[in-house]
Every structure is written in C-alpha cells, then in structure tokens.
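Chains A and B, in that order, are what the protein sequence lines are. With numbering that gives the first Met the number 0 applied, the first sequence covers 0 to 500. With numbering that gives the first Met the number 0 applied, the second sequence covers 0 to 481. Quick reminder that beta carbons are idealized off the backbone N, C-alpha and C, glycines included. Below: one structure, written as structure tokens.
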Amino acid sequence: MCNHPSEFVRYRETQFLAGNQIMQWEIVIGLEVHAQLSTRSKIFSGASTAYGAPPNTQACAIDLALPGVLPVLNKGAVERAIRFGLSVGAAINSPSIFARKNYFYPDLPKGYQISQYELPVVQGGTIRIQTESGEKVIRLTRAHLEEDAGKSLHEDFHGMSGIDLNRAGTPLLEIVSEPDIRSSAEAVAYAKTLHALVRWIGICDGNMQEGSFRCDANVSVRPKGTEKLGTRCEIKNLNSFRFLEKAIDFEVGRQIEILEDGGVIRQETRLYDANRDETRTMRTKEDANDYRYFPDPDLLPLEISPAWIEQIGRALPELPRVRQERYMTEFALSQYDASVLTASRETADFFEATVGHLPGQGKLCANWIMGEISGQLNKDGIEIGSCPISPDRLATLLARIVDKTISGKAAKTVFDSLWKGEFGQDVDTIIAEKGLKQISDDGALETLIDQVLTANPQQVADFRGGKEKAFNSLIGQIMKATQGKANPAQVNAMLKRKLEA
Amino acid sequence: MLNASLKQLSGQLAQKKISSVELTTECLDRIKRLNPEYNAFITVNEEMSLAQAQTADALIASGRSGPLTGIPVAQKDIFCAKGWLTTCGSKMLSNFVSPYDAGVIERFNAAGAVNIGKTNMDEFAMGSSNETSHYGFVRNPWDVTAVPGGSSGGAACAVAARLAPAATGTDTGGSIRQPAALCGISGIKPTYGLVSRYGMIAFASSLDQGGPMAKSAEDLALLLNVMVGFDARDSTSLQRDVEDYAGELQKPLHGLRIGLPKEYFAAGMSSEVELAVTHALEEFRKLGAQTVEISLPNVPLSIPVYYVLAPAEASSNLSRFDGVRYGYRAESYTDLADMYRKSRAQGFGAEVKRRILIGTYVLSHGYYDAYYIKAQKLRRLIAQDFADAYQQCDVIMGPTTPTVAFNLGEKSGDPIQMYLSDIYTSAANLTGMPAMSIPVGFGEKRRPIGLHLIGNYFREAQLLNIAHQYQQVTDWHVQSPV
C-alpha cells in the first residue's frame with residue numbers, strides 16, 4: 000500500500016477528504032513536557048545545576064543519597080512553578096504534596112524519585128495554539144515539581160555502565176496536557192507555544208539539545224465520531240519538534256495499521272529512533288513498575304500563601320498572548336506579524352524598544368525586524384539578544400527612510416554597514432560617508448530632468464506616441480544621472496507631470 | 000568517677016581535678032575490658048576519641064568550656080560521624096566510613112564532648128532486643144542472659160555498665176525508652192522535630208527522633224540542651240526559642256495531675272512490673288501529685304498502625320542501599336537485577352527484609368488505601384485521644400514495657416511477640432509527643448523495671464522535672480550492675 004508512515008497518514012487523510020466509506024480515524028494526543036527550571040541549585044540540594052561539568056563533580060552528599068541525608072526544597076523552583084501556573088490561568092494548590100515514586104535504577108540514587116502525585120502545585124490551566132483552522136485551546140491537567148534522575152552511560156566502559164549524577168536532583172516542572180491534541184501538527188504547535196511561554200516567563204532556558212525541554216507523547220486513535228479513547232502508547236524523550244512530529248506520525252500509522260488488520264493495541268512505552276524514523280517497544284504494561292507512591296515524610300506539605308502568589312503575579316511579565324493582541328490594536332499589525340514578534344520575549348522587547356524611538360511606525364519596524372534583522376541573525380546563527388544593531392540605532396536608520404533622507408534601497412546598505420560595526424555605528428555618518436543621501440530638492444531634480452529630456456528627444460516622442468516603456472527608460476536615465484540618489488517616487492511624479500504637460 | 004553525674008564530672012573537669020584525657024582513657028579501658036562480653040560497641044577508635052579529649056582539655060584550659068566539654072558520649076551507630084565507620088548495625092554498611100557529621104554529632108563536637116565510640120544496635124534500628132544486629136547481640140549488664148532491649152541496646156548497656164557516662168539513642172517505636180527500661184537507666188525521646196534527623200540514618204522518617212540516654216533526668220537535661228536545635232538541613236526540624244531543659248528541675252510537684260490510662264494497666268502487664276509502677280505512683284502522691292484515671296480508646300491500635308506505617312516508610316528509605324554507590328555489593332552477579340537482588344539479599348538481615356516486604360506490600364497498588372491510608376487516619380485518632388486526655392491531666396504514666404528484660408533468644412523467633420514489647424511506647428512516636436523512661440525497681444533476677452512518662456508537645460522540661468523530683472527521693476537510678 001505504502002512504505003512510509005507519514006505517507007500512510009496522508010493516504011488516510013485523502014480517503015477522508017474523498018468521503019470514502021471505509022473506517023476513518025481520529026488521532027488523540029496528550030503531551031507531557033519536562034521543563035528544566037532555571038534555578039542555580041538543585042531542587043533538594045545546594046549542588047549546582049550548570050550543564051556540562053565533568054561527571055559527578057556536581058553531585059553532593061544529598062544527590063548521592065548517602066545514608067542519613069535529607070532533602071530541603073528549593074524555594075526558587077516553587078516560585079517558578081507558581082509563575083507558570085499563573086501564566087496559564089491554573090489553580091495553585093496549597094497545600095501541595097511531594098510524593099516518592101519508588102523504583103530501582105542505578106541513576107536513581109535514593110531508589111525513589113521525589114515527585115508530586117496527589118495535589119500537584121499547579122492544577123488546570125490552558126494553552127492557546129494557532130492551527131490552520133484558527134485558534135485552539137488545549138487544556139492542561141496539571142504541572143508538578145519533581146527531581147531529575149542522573150545519567151547512565153553504557154558506552155566506553157567495558158562490560159560496565161558509568162553513572163553520572165550531575166543531573167540527579169535537577170528541578171523539573173512536568174506539564175501534562177489533556178488529550179485535546181488531534182494531529183502531529185497541533186502537537187508541534189502546542190509544544191512550540193509552551194516552549195516560547197516557559198522562556199518568556201523565564202522559568203526554563205528551553206535548550207532542547209541539553210535536555211532542558213523534553214516531550215513525551217501519549218498517542219491513541221479511535222474511530223471518528225466515537226467517544227471512547229483508544230489504547231494509548233507513550234513515546235518517550237522526544238527532544239526536538241521535528242522528532243515529535245515524526246514520532247507521532249509513525250506511531251499513528253502503526254496503530255491504524257494494527258487496528259485495520261484486526262489487531263489490538265498493547266498499552267506500552269515506546270522509544271523513538273530518529274535514525275530509523277520509527278518507534279519501538281521500551282516496556283509493556285505487564286512489566287511496568289508499581290511505583291508505590293506515598294507522601295514523602297521528609298518533606299512537609301508545601302503551603303503557599305496567597306500573598307506570595309500575588310507577589311509573583313505582580314512581577315509576571317506581560318504574557319505573549321496579551322502582547323499579541325496589544326500589537327494588533329496599538330500598532331495595527333496583522334495577527335501574523337504580531338504572533339511572529341511575540342514568539343520570544345526578546346524579539347518583542349526589541350520591537351517595542353525600536354517603535355518606542357519611532358512612534359507611529361509600527362509596521363515599518365515590524366517589517367525590518369522580521370525581515371533584515373531576523374535574516375541576518377539566522378545567517379550569523381545568533382539570538383536577538385546578541386544583535387549587533389541596537390533598537391535605537393535601527394530606529395534612527397528607519398527614521399531616515401521616513402524623513403526621505405535615504406531610499407529603502409540605500410537603507411539596506413546602511414544596515415549592512417551598521418551590522419559590520421562601521422563608522423562607529425553612526426547612521427548619519429554612514430549616509431554621508433557612503434554618499435547615500437537622497438536628492439529630494441525639487442529645483443535640483445527639475446534641472447536634472449530637463450537635461451535628460453533634452454538629451455533624449457526620441458524617448459519623449461515615443462512616450463507621447465503611447466509607448467509606456469519609454470517612461471521607464473527615462474526614469475532609468477535620471478536615476479543613473481543621480482547615481483541612484485534621487486527619491487524614486489518624487490522623480491516618478493515630476494517626470495509624469497512634465498511629460499503630460 | 001564512673002558513678003558520677005554529668006554535673007559532677009563537668010565540675011571536676013572545670014576544676015581540673017581530672018582531665019578529659021584521663022576520663023576518656025578510663026572509659027576506653029573499661030570498654031576494652033568489658034566490651035568483649037557486653038558487645039555494646041561496634042566501633043571504638045581510641046586515637047580519634049583521645050584527640051577530641053585533648054581538644055577538650057585545651058578548651059577547658061582556655062576557659063571556653065561548656066557543661067559537656069570533655070565528657071565522653073557513646074554515639075549510636077545510626078549517627079553519621081566523619082571519619083568513623085557508621086554501620087547502622089548492618090552488614091550493608093560494614094564498609095561505610097561517613098564523610099560527614101550528622102547534625103547531632105556536630106552539636107556534640109561543638110560542645111566539646113568526646114565521641115567515645117559507636118554503639119551496637121538492632122539492624123537499621125529494627126528490633127526490640129538488639130538481636131538483629133549484624134555485629135552480634137548485646138548483653139544486659141544486670142543479667143547477662145537477658146537482652147538489653149533495642150534498638151538502642153548498645154547505648155543502654157554502655158550507660159548501665161558504666162562504659163560511658165552518657166549515650167545517644169534514637170526512638171522510632173520505643174528504641175530509647177524500652178532499652179532504658181530494661182537496663183535500668185533514664186532515656187527521653189523528645190517531641191518530633193526538636194532533634195535534627197540530618198545524618199541520622201532513616202528508618203521511618205515520620206517517627207524517628209534522636210534523644211539522650213543517661214543515668215538520671217538531670218543528666219538527660221544537660222544532654223538535651225546540646226542535642227536540641229533547629230537544623231535547616233532537616234525540613235521537619237522545628238525552629239523554636241532556645242530552652243534550658245534543666246530550668247524546671249527543682250519545681251515541686253504539688254498539684255501535678257498524673258493521668259493513668261486504663262488501656263495501659265490492662266492484661267499483658269506482668270505483676271512485678273505492675274507492683275513497681277504502683278509503688279512509683281505512690282511516691283508521686285507523696286510528692287504532692289494526684290492521679291486520675293483516663294482513657295485513650297484508640298491507643299490499643301498503636302502496634303498495628305505502627306507496623307503499617309514504619310515498614311512503609313522503611314521500605315522506601317532503605318531503597319538507597321542498592322550496592323551501586325557505597326556499602327555492600329555481592330561478590331558475583333550476572334546482571335543489574337541480579338546485582339540488586341544478591342547485594343540486598345546478602346546485605347540485609349531477616350528482620351529488615353521482613354519489614355521491607357511488609358512496607359512494600361502495604362504501599363502496593365490496591366492495598367495502599369486499605370493499609371497505609373487507614374493507618375494514617377488512625378494515627379490522627381490516636382493523637383486526638385492524647386489531646387483529649389491532656390484536658391484532664393498534665394502527664395501520662397504507665398509501664399514502659401509489659402515485662403522485664405526477656406532472655407536472649409527468647410523472642411527472636413517470634414516477631415509478633417517481639418513487636419508487642421513496644422506496646423506502650425509506639426503511641427508517642429505516632430503522635431510525636433515527648434516521652435521518657437526512668438528506673439523504678441527490679442523484677443525477678445534483678446532485671447530492671449521502667450516507668451513511662453508521656454508529656455504534651457514541647458513539655459520535655461516538665462517531664463524532666465517530674466523525673467528529677469522522683470529521683471531526688473528514690474535511688475533506683477544510682478544503682479549499678481557493676
């Protein structure tokens with residue numbers, strides 16, 4: 000029928016669109032995202048959370064689970080969880096309870112992970128995503144605090160495994176969605192929106208290569224129009240948006256194929272193999288652990304005062320969705336422009352700083368940030384935070400377009416020069432040094448145009464004879480004579496007036 | 000010198016009539032001579048103890064000493080002490096030299112006390128006879144064919160046999176009070192949260208509490224003054240104003256209302272214990288106290304509740320002993336699962352395994368509500384019983400144990416009988432209230448009998464006052480088996 004899973008999905012969709020009578024499937028997805036919280040020290044110990052240190056150099060007695068050590072909760076991790084809860088409109092539970100999840104693994108030093116089970120710190124909330132058919136609301140079940148495990152390294156040690164406990168005890172916020180997601184594209188949109196949000200509110204650096212933002216996807220399918228959820232499979236540790244999409248596509252295809260062949264889906268945990276673009280069984284429900292959750296007696300119930308929540312709420316930055324709406328009303332931007340500019344707080348702040356220096360020119364600022372700035376940043380592989388052109392310099396440059404000192408084309412030359420840091424990044428010096436000033440003086444232009452008309456009687460005759468092309472040729476001559484510095488719109492209007500006189 | 004109180008020893012040290020080195024050497028000599036029979040200590044390190052004694056003498060010479068400076072204290076082998084082998088009575092930790100000090104050890108070090116050695120104990124504090132220790136049983140110095148009680152059996156033996164003037168213990172279901180009673184010494188379990196659990200190897204986190212064991216209530220007060228204190232490294236540690244636990248010792252007992260729970264004077268108590276307790280109560284009446292009968296209706300459920308909750312927490316607390324990072328690892332194994340299985344099968348003793356199994360069972364899916372949740376509910380009801388009782392009385396008294404010390408080997412094959420040794424003591428752990436045991440007489444073969452005093456939260460000073468007043472008019476606490 001078809002070889003590749005994503006082709007298979009497309010094939011199904013085609014049948015659906017064609018209105019065929021065979022079984023149509025609905026995809027049901029819930030995501031669990033582990034966001035590493037940006038605290039300097041671990042969630043239950045004072046050891047550093049910095050990434051990339053030599054193995055086991057950032058594991059203290061508590062992380063090693065020496066006999067007798069005890070956990071002490073990092074208030075910064077709680078503060079970040081509350082920040083998240085408030086920004087998705089969730090309830091903050093008080094008290095919330097830390098629980099032990101018991102299982103044995105060499106990179107889990109205590110033999111249990113401290114997590115939350117009943118009464119997580121964040122309950123409910125929503126994330127709004129943009130889909131092809133408009134905005135969609137994805138409900139959140141909960142978000143809870145927990146500690147990360149260490150790492151087992153199975154290569155490089157002959158017949159043994161290495162254990163690195165630097166990551167053990169790193170604070171995580173596990174954000175669990177309801178099964179409201181209906182396609183891999185929606186899953187990616189949800190994950191990207193969440194990714195932007197956690198960075199926006201400063202609780203997670205979002206670095207996916209370093210594992211700061213990891214997704215698990217719970218995927219099932221059911222006959223379209225039915226209520227009962229199908230048996231789900233959980234795909235673990237998807238550390239890029241592309242893998243998330245491909246893993247879901249493969250998994251959906253796999254499940255539909257099994258069901259259409261009359262089989263049943265086995266509830267299991269699966270791993271995505273990016274090299275082979277497929278998911279495969281990691282463990283089945285039968286060999287799943289009984290985690291024996293119970294409240295951790297070493298940690299008291301976490302009480303969060305309304306005053307603290309209020310204080311965190313007051314310090315919360317304006318959220319992306321709110322800013323997006325404001326940009327649409329305040330700067331008359333399209334929803335597309337507004338959403339691109341609010342994809343990260345740095346970009347939005349850059350935009351606002353620029354437009355702050357250039358009131359009334361929101362669209363022009365937006366175009367340059369989304370165009371030139373974003374293009375150059377991509378080319379150089381840097382973030383907007385390290386942009387060599389500051390918002391006020393960009394605003395000065397754009398002001399010279401608005402006041403007709405330079406043309407848009409000349410402005411790009413100035414931009415390149417600014418980017419390279421030439422002439423002390425002074426816009427007016429660059430314009431002067433490079434001779435980019437536009438000729439906008441009517442008298443000077445009139446003399447020039449007259450000279451060109453006198454020198455080209457044939458073209459003038461052609462134009463008057465109805466040959467429109469002759470007009471462009473005359474414009475070209477005028478621009479050439481001014482070395483491109485004439486204001487094109489002005490030249491256009493003046494020439495037209497003279498020829499039609 | 001060995002029968003002297005801490006106050007007397009402290010005075011002699013301060014007046015330089017003796018040095019800490021002399022006192023420490025005397026204890027070490029006695030340990031060397033008598034420990035082979037009693038087996039009260041797992042580890043003795045003369046060099047380290049004497050070094051601390053020298054430091055203490057220097058402190059005394061410089062006039063910067065406190066009440067415990069230079070006093071040898073036997074530390075239960077459940078407290079991690081830097082540079083000391085810390086086994087918790089288990090083969091699992093037979094090679095574990097702690098790289099850090101427990102909060103309690105730090106406080107004794109800061110006070111200038113001398114760590115005279117690490118005392119024997121039931122494995123991971125699980126036992127009531129000290130017979131579950133991987134390092135062998137401890138003998139009761141009053142009758143060497145009897146158990147010393149447990150789990151702090153080594154500590155109780157060390158104080159009773161005058162191997163050390165004072166000791167630390169920990170109490171999860173009675174592990175300070177029961178051995179104190181069986182060895183004829185005094186011991187107190189403070190209110191949960193007063194003594195730091197940091198570095199005290201966890202058995203059942205919500206019940207474990209460290210406390211002192213010594214000859215008298217007055218000694219306990221001095222020790223408690225050092226042991227109690229907030230520790231930010233223990234989230235269950237309580238932040239309170241500093242209290243002088245010796246402050247109320249001299250208060251007369253006129254008008255004191257002693258509650259006698261009918262549930263503690265029911266069947267199961269031996270007649271000799273009942274007689275000794277009755278005599279002790281008569282002394283209190285003579286001191287001006289009055290007794291009132293009270294009821295703690297849910298308290299008979301303490302043992303079943305305790306034996307659900309304590310193993311549940313223990314099963315999880317002991318998961319870290321997996322042979323991966325430290326401690327015992329099996330010699331040979333085929334794969335990871337086999338390494339876990341063999342290391343834990345060989346590293347833990349039978350009683351520890353039994354409790355891990357019970358704990359794992361009660362936390363398992365499908366059983367959690369029926370056992371763990373129900374036990375937690377009962378725990379609250381038991382606490383309510385005590386709260387109600389303190390409306391009618393100031394202190395609750397009864398026997399510490401139903402019988403005098405039993406014979407070595409007598410109950411080691413019958414866990415239920417062994418668990419019932421804690422029948423009177425475990426309620427104070429479930430509620431977190433302070434409780435103590437003081438010697439009030441002897442039974443058959445001069446085996447000691449203890450009186451149990453349970454106070455309301457943070458009323459340690461009152462308990463010590465009551466005990467001290469009794470000890471002013473009786474001499475059970477100064478009698479020694481040696």
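Counted within 10 angstroms of its Cβ, other Cβ atoms place residue i as buried (16 or more) or exposed
i: Val-136/A; result: exposed
i: Val-394/B; result: buried
i: Ile-381/A; result: exposed
i: Gln-20/A; result: Summary for Gln-20/A: the model assigns pLDDT 49, below 50, so the residue's position carries little reliability; its value from the coordinates is reported in the next sentence. Result: exposed.
i: Pro-305/A; result: exposed
i: Val-424/B; result: The sequence given here places Thr at residue 424/B; Val does not occur at that position. Classification of Thr-424/B: buried, given that the 10 Å Cβ count is 16 or more.
i: Ile-477/A; result: buried
i: Val-401/A; result: exposed
i: Asn-471/A; result: exposed
i: His-467/B; result: buried
i: Leu-356/B; result: exposed
i: Pro-433/B; result: buried
i: Gly-210/B; result: buried
i: Asp-413/B; result: exposed
Contact list for residue i against chain A, beta-carbon separation under 7 Å
i: Asp-321/B; result: Phe-103 and Gly-110
i: Arg-324/B; result: Leu-63 and Pro-108
i: Leu-92/B; result: Pro-66
Reduced DSSP category for residue i - H, G, I as helix; E, B as strand; rest coil
i: Met-199/B; result: strand
i: Arg-353/B; result: helix
i: Cys-203/A; result: coil
i: Ser-19/B; result: helix
i: Met-281/A; result: strand
i: Pro-105/A; result: coil
i: Ile-184/B; result: coil
i: Asp-170/B; result: strand
i: Lys-100/A; result: strand
i: Ala-374/B; result: helix
i: Cys-87/B; result: coil
i: Pro-294/A; result: strand
i: Phe-320/B; result: coil
i: Arg-446/B; result: coil
i: Leu-463/B; result: helix
Contact list for residue i against chain A, beta-carbon separation under 8 Å
i: Gly-198/B; result: Gly-67 and Val-68
i: Ala-231/B; result: Val-71
i: Thr-190/B; result: By Cβ distance, chain A contributes nothing, its closest Cβ being about 15 Å from Thr-190/B, past 8 Å.
i: Ser-318/B; result: Asn-101, Phe-103, Lys-109, Gly-110 and Tyr-111
Interface partners of residue i on chain A, CB under 9 Å
i: Thr-235/B; result: Leu-69, Pro-296, Asp-297, Leu-298 and Leu-299
Under 7 Å from the C-beta of residue i: neighbouring residues of chain B
i: Phe-350/A; result: By Cβ distance, chain B contributes nothing, its closest Cβ being about 45 Å from Phe-350/A, past 7 Å.
Under 8 Å by beta carbon: chain B residues contacting residue i
i: Asp-289/A; result: Ser-363 and His-364
i: Ala-60/A; result: Pro-98 and Tyr-99
Partner residues on chain B for residue i, Cβ-Cβ distance less than 9 Å
i: Ala-342/A; result: Those do not exist, as Ala-342/A stays about 40 Å from chain B at its closest Cβ, beyond 9 Å.
| Where the region 352-374 of chain B meets chain A: residues whose CB sits under 8 Å from a CB there | Hits within the stretch, in order: Thr-359, Leu-362, Ser-363, His-364, Tyr-367 and Tyr-371.
| query | Which ranges would you report for the beta strand (DSSP E) in the region 99-152 of chain B if only whole runs of at least 3 residues count? | reply | 113-118
| query | Residue ranges of each alpha helix (DSSP H) run of no fewer than 4 residues wholly in the region 311-386 of chain A, ordered along the chain? | reply | Runs found: 319-329, 334-340, 344-356, 361-367 and 373-379.
| message | Please list, in chain order, the residues of the region 63-86 of chain B that have any C-beta partner in chain A closer than 9 Å. | response | Ile-77, Phe-78, Cys-79 and Thr-85
| task | Within the region 272-301 of chain B, note down every full beta strand (DSSP E) run reaching 3 residues or more, in order along the chain. | result | 289-293
| field | Positions along the region 206-223 of chain A whose CB lies within less than 8 Å of some CB in chain B | value | none
| When Cβ atoms are compared, which residues of the region 95-119 of chain B fall closer than 9 Å to chain A? | Phe-95, Ser-97, Pro-98, Tyr-99 and Ala-101
| task | Give the residues from the region 201-212 of chain B that approach chain A closer than 8 Å (Cβ to any Cβ), ordered along the chain. | result | Ala-201, Ala-203, Ser-204 and Ser-205
| request: Name, going along the chain, the residues of the region 330-343 of chain B whose beta-carbon falls closer than 8 Å to a beta-carbon of chain A. | output: Leu-335 and Tyr-339
| Where the region 289-314 of chain B meets chain A: residues whose CB sits under 7 Å from a CB there | Ala-311 and Glu-312
| task | Let me know the beta strand (DSSP E) ranges lying completely inside the region 114-183 of chain A, each 3 residues or longer, listed in chain order. | result | Counting whole runs of 3 or more residues, the region 114-183 of chain A contains the beta strand (DSSP E) stretches 125-130, 133-146, 150-152, 161-163 and 170-176.
| Of the residues that make up the region 226-249 of chain A, which ones have a beta carbon closer than 7 Å to any beta carbon in chain B? | none
| said: Beta carbons nearer than 7 Å to chain B: which residues of the region 138-158 of chain A have them? | reply: none
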